[in-house]
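Asks:
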Amino acid sequence: MAKQKLSGAEIVVEELKTEGAEVAFGIPGGALLDLYDVLYKEEAIRHILMRHEQCAAHAADGYARVSGKAGVCIATSGPGATNLVTGLANANMDSSPVVALTGQVPTSVIGTNAFQEASTFTITMPITKHNFLVKRTEDLPKVIHNAFYIANTGRKGVVLVDLPTDILAGVAEVDLHPKETFAGYKPNIKPNQVQIKRVVEVLANAERPLILAGGGVISADAAEELRHLADFLGAPVVTTLMGKGAIPENHPFCLGMAGMHGQLYANRAINECDALLALGTRFSDRTTGWQLDQFAPDATLIHVDIDTAEINKNMQVDIPIVGDVKLALSGILKLLEKKRAKKSGSEWEKRIKKMHSACDSCVEDISMEGASVSDMLIKEISRILDDDAIVTTEVGQCQMFAAHYYMTRKPRTFISSGGLGTMGFGFPAAIGAKVAAPDKKVVDIAGDGSFLMTCQDMATCVENDIPVVVCIFDNRYLGMVRQWQELFYEKKYAHTGLGITPDFVKLAGAFGCYSERVEKPEDLKDALNNAFESGKPAVLDMIVGKEDKVLPMIPPGGGITGMIGTERCKHI
Amino acid sequence: MQTHIISLLVEDNPGVLTRMSGMFTQRGINITSLTVSPCEKEGLSRMTVAIEGSESELEMVRKQLSNLIEVVKVVDLKESEAIIRDLCLLKVHAKDPEARSEVMQLAEAYGAKILDATLDSVTLELKEEPKKIDRFVDLMRHFGVKQLFRTGVTAIGIGIGVGAGAGGGVEK
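Respectively, the protein sequence lines represent chains A and B. Letter 230 of the first sequence, counting from 1, is numbered 230 in the working numbering, and no numbers are missing. Letter 13 of the second sequence, counting from 1, is numbered 1013 in the working numbering, and no numbers are missing.
(1) Answer with yes or no whether the minimum CB distance from B/Leu1068 to chain A is below 9 Å.
(2) Do you know offhand how far A/Arg476's Cα is from A/Asn83's?
(3) Nearest CA to the CA of B/Leu1008: which residue from B/Arg1062, B/Met1047, B/Ala1109?
(4) Please name the residue or residues paired with A/Asn131 in a DSSP beta bridge.
(5) Compare the beta carbon distance of A/Leu585 and A/Ala24 with 9 Å and say whether it is the shorter of the two.
(6) Look up A/Phe253 in the DSSP assignment and say whether it is helix, strand or coil.
(7) Can you tell me which of the three DSSP states B/Pro1130 falls into?
(8) Please look up how many angstroms separate the CB atoms of A/Gly71 and A/Pro428, rounded, as I've assumed it's under 8 Å.
(9) Measure how close the beta-carbons of A/Val544 and A/Phe473 come, nearest whole angstrom, since I'm counting them as under 8 Å.
(10) Look up B/Glu1079 in the DSSP assignment and say whether it is helix, strand or coil.
(11) In chain A, what lies closer than 8 Å to B/Glu1042 by C-beta?
(12) So A/Leu39 is in the alpha helix (DSSP H); what residue range does that whole segment cover?
(13) Mapping DSSP to helix, strand and coil, what is B/Gly1053?
(14) Among A/Thr240, A/Gln399, A/Lys186, whose alpha-carbon lies nearest the alpha-carbon of A/Gly215?
(15) At which residues does the alpha helix (DSSP H) containing A/Lys3 begin and terminate?
(16) Between which two residues does the beta strand (DSSP E) holding B/Met1033 run?
(17) Measure from the C-beta of B/Val1010 to each C-beta in chain A and report whether the shortest distance is under 9 Å.
(18) Is there at least one Cβ from chain B nearer than 9 Å to A/Phe148's Cβ?
(19) Against chain A, does B/Met1060 count as a neighbour if the rule is that its beta carbon must be under 9 Å from one of theirs?
(20) Write down the C-beta distance between A/Glu249 and A/Thr408 rounded to the nearest angstrom, noting that I regard them as a contact closer than 8 Å.
(21) If we cut at 9 Å on Cβ distances, does B/Val1153 have a partner in chain A?
(22) List the residues that DSSP assigns as beta-bridge partners of A/Pro209.
(23) Use the C-beta contact count for A/His584: other C-beta atoms within 10 angstroms, 16 or more gives buried, fewer gives exposed.
(24) Taking all protein chains shown into account, decide if A/Pro141 is buried (16 or more other Cβ within 10 angstroms of its Cβ) or exposed.
(25) According to DSSP, simplified to helix, strand and coil, what is B/Gly1168?
(26) Output needed for A/Gly509: all residues of its chain with C-beta closer than 8 Å, excluding positions within five of it in sequence on either side, in chain order.
(27) Chain B beta carbons: is any one of them nearer than 9 Å to that of A/Phe283?
(28) Out of A/Ile218, A/Thr102, A/Val159, point me to the one whose CA is closest to A/Thr128's CA.
(29) Cβ closer than 7 Å: which chain A residues qualify as neighbours of B/Arg1027?
(30) What in chain A is Cβ-close to B/Arg1019, meaning under 7 Å?
(31) Only counting the same chain, and skipping five residues up and downstream in sequence, which positions put a Cβ closer than 8 Å to that of A/Lys3?
(32) List the residues of chain B whose Cβ lies closer than 8 Å to the Cβ of A/Ala309, in chain order.
(33) Can you find at least 3 beta carbon pairs, one from the region 144-158 of chain A and one from the region 304-312 of chain A, that sit closer than 8 Å?
(34) What span of residues does the beta strand (DSSP E) with A/Met542 cover, start to end?
(35) Can the beta-carbon of B/Val1075 be found less than 9 Å from the beta-carbon of B/Ile1006?
(36) Suppose you measure from the CA of A/Ile415 to the CA of B/Thr1151; what does that come to, to the nearest Å?
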């Protein structure tokens, strides 16, 4: 293709389109006037004006997790860029592909404390997979191409491109759509066949195999392969928080989420297995607990991950496979099917079925005797929503109630801030989710504390007709911290009480949202129906027990067999 | 704790040093010596980093450095398989003629060059293995070291195929 004479801003927008970006979440500013001048005329990219840059990053993150494509967010120089930081750190920690574009002061004044100048390049270095400070307009095609390539390949993550105003305004003759990349960037995709053989050997002979599915299974679109392998092996599947949705939780071999707030028997199964196949997970302490001698003590540990740096980081493993989870699973299945017949009817399988029947998120009509209002509300949401509905969560108790009770049935339908634990994530992530999947119901499971951190973006929802439903678990506390104060700090509720304001029904009403208060769990069904039927963004203020606790849990310092608060659990 | 020498081949872009050193900062590892210089291939730089740490810390750092987009190669150079050099400039107190001649004798024994001598000091240059320089500096402290400058460690693998060379070496 012949060289074209274009402005920097035009090049950015052309390359965004080539990379398949259809939506951008952003807020303009002085340093971005040239970019927005081009976006103004551009019909192929839908720009959604957010009300805070943090929300722009979370929305791009939510969009990416639901669509599987990189999300794009835009913020201006200085405060715009620093406001993005939390959202970018969040996305990067959960390996979500996001491309962030930030304005920057002109190259001639960088480093002079110019108006709205911040060193975005250095600030974002440790919280991105890679970042660029563009110094020449003619570099833009390569930079934008690489931003998407790096964000979307290998272990996915965040790439930020810092764009000084003179680079955007400058004109250059360029070849669009370059293919060149970095000599040192070669994501490990193809798993090693020798390692696969070793894994098959172990799995074929295991009596009590178990699969631990992390977010990497969803990110690699490997849910189908996972299910085949579980069926073939007669192996139970437990998930991490990020792995929720990797297998339908009502699948008879699913034991729900493991870990600190996981299912009692998901944790027991990890303790009992003799071969553990961990897929796309980093063995976070929230999954393993702190007494590692309780974590699969009798098992051969197999770890499949696309990131070499995850192998032996948190857990010493016996057989590592570095590569794409989907390719590794197909490879394992292919060899395994040759090696032996499908296994069924084993003692382990009988035990799995029993354990499955005691899993709070796996069984729709499980007994809720002794459950708190919060427990019951999540179970109710789980029953009302269809298989395709998308749930996002804020962070804290509401998140762990959801993780524990919500039955996730499909990949990319449970969106939560796993690594960073960002309060205020769920609502803007729901906006991104709804934009990615406008035909699906999107519900944010929120706490009153979290929602107040990003609720200004109700304006975005109303203005852009993005009808997400926020279900606030309203206990007027920063509930998870309060729970820890109750259990481990002698009930000294230091600064976790939120007082009585605001009135969320009125607040949402003032933004033009549909809003309703839900006093009792049995009223939720009608309220949710009203919310969906209103066709508007909606807020349901659900009054829950002030001192509801998320139980069972592994207490700090404990191991996976040491859960407390198991009285309510079904015991088998 | 043990000294490890990591040799890196990186793209010569602004910010790559911050990116690399940030990796150590995040993990709370202290860099004891660092050199950056051009190498045989245009557009690439070579960094030689010495750190103190355990084997497992080294393994982690090596993998995480490899993950950096602009890092082309990472090699962990073992002392026994590499030629390691450091250059030291030091100014030693030597007011007393007897001390001065002793300093000069020791310098000769260690192969240090005398760059300058005044009535109260001698300036020396020693290009050697870091450990030998350590010993020499310790000796000179006996007379009083006014100023000490070291360039930091640089290292090259013995034979073919060791060291983060543009050809050979260990691929990421």
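We treat Cβ as the ideally placed atom computed from N, Cα and C, and that holds for glycine. Small disclaimer: the values here were computed from a predicted structure and weren't measured.
Replies: Well, looking at it:
(1) yes
(2) 26 Å
(3) B/Met1047
(4) A/Leu160
(5) Here chain A has residues from 1 to 572 only, and residue 585 of chain A is not among them.
(6) coil
(7) helix
(8) Incorrect: roughly 11 Å between the Cβ atoms, too far for contact.
(9) 5 Å
(10) helix
(11) Within 8 Å Cβ-Cβ: nothing; B/Glu1042 doesn't reach chain A, min ~12 Å.
(12) 33-41
(13) strand
(14) A/Thr240
(15) Element bounds for A/Lys3: n/a, residue is neither H nor E.
(16) Before going further, note that residue 1033 of chain B is Ser rather than Met in the sequence given. Unbroken beta strand (DSSP E) run through B/Ser1033: 1031-1038.
(17) yes
(18) no
(19) yes
(20) 5 Å
(21) no
(22) A/Ala275
(23) Nothing about residue 584 of chain A can be read from this structure; chain A reaches only from 1 to 572.
(24) buried
(25) In this prediction, B/Gly1168 has a pLDDT of 40, which is less than 50 and means its spatial position is unreliable; what the coordinates show is noted afterwards. Coil.
(26) Ser515
(27) no
(28) A/Val159
(29) Under the 7 Å cutoff, chain A gives no residues; its nearest Cβ is about 11 Å from B/Arg1027.
(30) Met125
(31) Glu173, Val174, Asp175
(32) Met1060, Lys1063, Gln1064, Ser1066, Asn1067
(33) yes
(34) 538-543
(35) yes
(36) 51 Å
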